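Just below is one structure, and these are the notes that go with it.
Number of protein chains: 2
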Amino acid sequence: MKPAAIAAREDASVAEPAYVLEDQVGHLLRRAHQRHAAIFQEMIGDAQLTPLQFAALVKLNDLGEVSQNELGRRTAMDAATMQGVIKRLLARGLIDRKPDPEDRRRVVLSLTADGGRLIAAAMPNGHAITDETLAGLSDAERRAFLSLLKRLA
Amino acid sequence: MKPAAIAAREDASVAEPAYVLEDQVGHLLRRAHQRHAAIFQEMIGDAQLTPLQFAALVKLNDLGEVSQNELGRRTAMDAATMQGVIKRLLARGLIDRKPDPEDRRRVVLSLTADGGRLIAAAMPNGHAITDETLAGLSDAERRAFLSLLKRLA
DNA sequence: ACGCGCTTGTTTGTGTACAAACGATTTTCG
DNA sequence: CGAAAATCGTTTGTACACAAACAAGCGCGT
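As given, the protein sequences belong to chains A and B, one line each in that order.
For the first sequence, the numbering used here puts the final residue at 154, and the numbers step up evenly by one.
For the second sequence, the numbering used here puts the final residue at 154, and the numbers step up evenly by one.
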């Protein structure tokens with residue numbers, strides 16, 4: 002038998018646990034992501050980059066030359082999303098694009114001198130943004146949170 | 002002094018810590034959110050709801066009648082995003098919309114009978130989706146993760 | 001009563017996010 | 001070798017996400 006206190010709380014209603022929106026991972030992930038995006042925009046400075054543009058430039062800086070799809074995989078963007086991001090970075094002259102001689106389906110992307118300078122200058126802001134996003138947590142909590150978050154991603 | 006092994010690794014380069022995209026909260030939050038969205042779509046079933054539509058219906062079910070902006074606040078959507086979500090739910094006949102007699106700026110939203118049935122039927126899926134999203138974590142880890150995540154949101 | 005500020009809902013414009021379908025290639029395998 | 005399968009980049013259509021600007025209405029203080 003159930004204790005009376007619990008039976009009473011269930012009374013006329015069903016036995017299912019309530020669905021509390023504020024407690025769902027999905028909702029919380031969405032809100033945390035929103036907050037991070039706001040912090041990003043506020044702290045990225047005159048570079049005027051979006052999180053995805055920043056990610057693409059960072060990876061391009063790491064890798065030197067890559068195909069468009071490969072860069073998409075490395076930054077977790079699908080091919081269609083990539084189109085827009087690349088288009089805007091090209092329009093601003095931050096990246097270069099040329100056909101791959103080895104594979105005629107591919108294009109090879111790389112940073113321009115401007116793009117290299119801009120991403121080098123923006124890197125410290127990236128760290129500051131991460132820091133501000135985690136501002137509410139202690140060092141130990143940050144490590145714990147990031148390690149759990151990695152296992153969900 | 003730094004140990005030689007570390008000095009060697011830094012050699013010609015700068016002393017700044019590398020910016021590793023895969024370790025940044027923003028990137029991890031984005032990926033976790035992507036994964037959750039994929040799970041949601043896969044498990045929501047024939048209800049054919051997006052996460053935001055689901056959230057709006059759940060809150061509407063909790064609150065009974067609310068204005069559009071109020072509902073937006075409760076579900077963390079801005080007014081412009083709200084437009085689209087409400088428009089689609091109206092088109093499917095899941096919610097109702099009428100002017101507020103007390104305040105002619107407002108509209109009052111509520112569930113239709115269809116909307117009520119649909120969200121009641123979809124609720125268990127919501128719990129299953131949350132569960133699947135956290136599948137990699139133990140019970141203790143889930144609690145720890147959610148409590149840290151709440152502090153970031 | 002009047003004016004000023006705030007809220008409500010809407011529109012427009014930019015930027016993710018992804019499914020689905022496509023043509024052009026390249027690769028794989030029978 | 002040659003056909004089927006896989007990959008590359010693109011387009012289209014739907015759905016968030018938010019800034020900015022707007023008209024209409026409410027409410028407060030003087």
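Each residue gets a CB set at the ideal place from its N, CA and C atoms; glycine is no exception.
Bear in mind that the values here come from a model prediction, so they are computed numbers and not experimental data.
In the DSSP annotation of this structure, ARG98/A is not part of any alpha helix (DSSP H); the continuous beta strand (DSSP E) holding it starts and ends at 96-100. Taking 8 Å as the CB threshold, LEU150/A lines the interface with chain B.
Taking the CA atoms as reference points, MET44/B sits about 43 Å from ALA122/A. Taking a beta-carbon distance threshold of 8 Å, GLY85/A does not count as an interface residue toward chain B. Within the stretch 70-125 of chain A, complete alpha helix (DSSP H) segments of at least 4 residues are found at 80-92, given in chain order. When DSSP reads this structure, SER68/A sits in a beta bridge with VAL109/A. Per DSSP, ALA19/A lies in no alpha helix (DSSP H) segment and is marked neither H nor E. By the criterion of a C-beta distance shorter than 6 Å, ASP97/B is surrounded in its chain by SER111 and THR113, once the five residues flanking it on both sides are discounted. In this structure, SER68/A is the residue among GLY73/A, ARG75/A, MET78/A and SER68/A with its C-alpha nearest to the C-alpha of GLU103/A. With a 10 Å radius around the Cβ and a threshold of 16 neighbouring Cβ atoms, THR82/B comes out exposed.
In the DSSP assignment, ILE45/A falls outside any alpha helix (DSSP H) and carries neither an H nor an E.
Leaving aside the five residues that flank LEU53/A on each side, the residues in its chain whose CB is nearer than 6 Å to its CB run, in chain order, VAL86. In terms of Cα proximity to LEU153/B, the closest of LEU150/A, SER148/A and THR134/A is THR134/A.
At a cut-off of 8 Å, the C-beta of GLN54/B has no neighbouring C-beta in chain A.
The beta carbon of ARG105/A does not come within 8 Å of any beta carbon belonging to chain B, so the residue lies off that interface. For ASP24/A, there is no enclosing alpha helix (DSSP H), as DSSP marks it with neither H nor E. The Cβ of GLU71/A sits no closer than 8 Å to any Cβ of chain B.
The alpha-carbon of ALA80/B is positioned some 9 Å away from that of ARG74/B. GLY117/B sits close to ASN62/B, with the two beta carbons spaced by under 8 Å.
Sixteen is the threshold: since fewer than 16 other Cβ atoms of the shown chains lie within 10 Å of the Cβ of LYS88/A, the residue is exposed. For ARG107/A and ARG93/A, the gap between their C-alpha atoms comes out near 22 Å. GLY27/A is not a Cβ neighbour of HIS28/B, given a cutoff of 8 Å.
For the stretch 137-149 of chain B, the residues whose beta carbon sits under 8 Å from a beta carbon of chain A are, in order, GLY137, LEU138, GLU142, ALA145, PHE146, LEU147 and LEU149. Taking C-alpha positions only, GLN25/A is separated from LEU95/A by approximately 39 Å. Here THR51/B carries a coil assignment [DSSP, helix/strand/coil].
Linking GLN84/A to ARG31/A through their CA atoms gives a straight-line distance of about 24 Å.
For ALA77/B, the C-beta contacts it makes with chain A under 8 Å involve HIS28, ARG31, ARG32 and GLN35, in order along the chain. For LEU149/A, the uninterrupted alpha helix (DSSP H) run begins and ends at 140-153, by DSSP.
VAL67/A has a beta carbon lying at 8 Å or more from every beta carbon in chain B. By the neighbour-count criterion, in which 16 or more other beta carbons inside 10 Å mark a residue as buried, HIS128/A falls on the exposed side. Judged by beta-carbon spacing, THR76/B lies within the 8 Å limit of ALA56/B, meaning their Cβ atoms are closer than that value. Nearest C-alpha to VAL21/A among HIS34/B, LYS99/B and LEU58/B: LEU58/B. Taking a Cβ-Cβ threshold of 8 Å, the residues of chain A close to GLY127/B are TYR20 and GLN25, in chain order.
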